[in-house]
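Here is the structure we will look at.
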Amino acid sequence: MVKRRLTKLRSYRWSSFRAYAGCGKAPEWLDREELLARAGGAAKYRGYVEDRVRQGIEEHPWEQVKWWLVLGTESFARDLRKRLAGGREMPGKSELRQRISFDEVVKVVERLSGEQWDEFRERHGDKRRDLVLWVARRCTGLTLEELGQVAAGMDYAAVTMAIRRFPKVCERDGALDRLAKRVIKRVGM
20 MVKRRLTKLR SYRWSSFRAY AGCGKAPEWL DREELLARAG GAAKYRGYVE
70 DRVRQGIEEH PWEQVKWWLV LGTESFARDL RKRLAGGREM PGKSELRQRI
120 SFDEVVKVVE RLSGEQWDEF RERHGDKRRD LVLWVARRCT GLTLEELGQV
170 AAGMDYAAVT MAIRRFPKVC ERDGALDRLA KRVIKRVGM
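Residue numbering for the sequence shown follows the working numbering, starting at 20 and increasing by one per position.
Below, the structure written as structure tokens:
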């Protein structure tokens, strides 16, 4: 079975494996240099892929997607995050920033405002709830629906409106604007 899978891998004409592994000619459009440099050359690439076939590993590649952006192992994604830490103007860099939890955002707002989430969350006119939603949308990776669920069952449309209106409210409310800036600084946005 393994021998048949290896033969199929090496001979399948629509796969780029043959070109990367040095088993066949690369089409003009295929840029192999970057991948082969990262893999340590064609022989190491071929060995890595064929070893996975020999081990019987048949995982779907989308299961390896990390942080909605990086395809690879957890260690590869962490290494990539470290290497991107210093540069500027890198596409996708913002998606690789360390994510924080909704609870961490809440704790920062509680600490800086001096009041507990349960006390101000549903208070009419208190914009600290919207501050939490606005910051959490940018640093947690939660969807609007997920934010609504963790914020006491809010409808995602209400979450959308709160987030959309928050910057305008800050323009009119200096104290809220200062609090928002402190929260942003504390969570590392």
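Just so you know, even glycine gets a beta-carbon here, dropped at the ideal spot from N, CA and C.
- [ ] Taking the CB atoms as reference points, tell me whether leucine 152 and isoleucine 182 lie closer together than 8 angstroms.
- [x] yes
- [ ] Determine the extent of the alpha helix (DSSP H) in which glycine 193 is found, giving its start and end residues.
- [x] 193–206
- [ ] Out of Lys22, Arg147, Tyr31 and Arg140, point me to the one whose CA is closest to aspartate 70's CA.
- [x] Lys22
TODO: Just mark aspartate 149 as buried or exposed, buried being the case when its beta carbon has 16 or more other beta carbons within 10 Å.
DONE: buried
Task: DSSP state of threonine 179 mapped onto helix, strand, coil - done: helix
Task: Beta carbon of leucine 166 nearer than 8 angstroms to that of alanine 177 - done: no
Open item on the list: Quick check: what's the CA-CA separation for leucine 55 versus serine 34?
Closed with: 16 angstroms
- [ ] Find out if the Cβ-Cβ distance for the pair phenylalanine 139, arginine 130 is shorter than 8 angstroms.
- [x] no
Open item on the list: Please report the straight-line C-alpha distance between tyrosine 175 and aspartate 50, rounded to a whole angstrom.
Closed with: 43 angstroms
Open item on the list: Once DSSP output is grouped into helix, strand and coil, what is the label at threonine 26?
Closed with: helix
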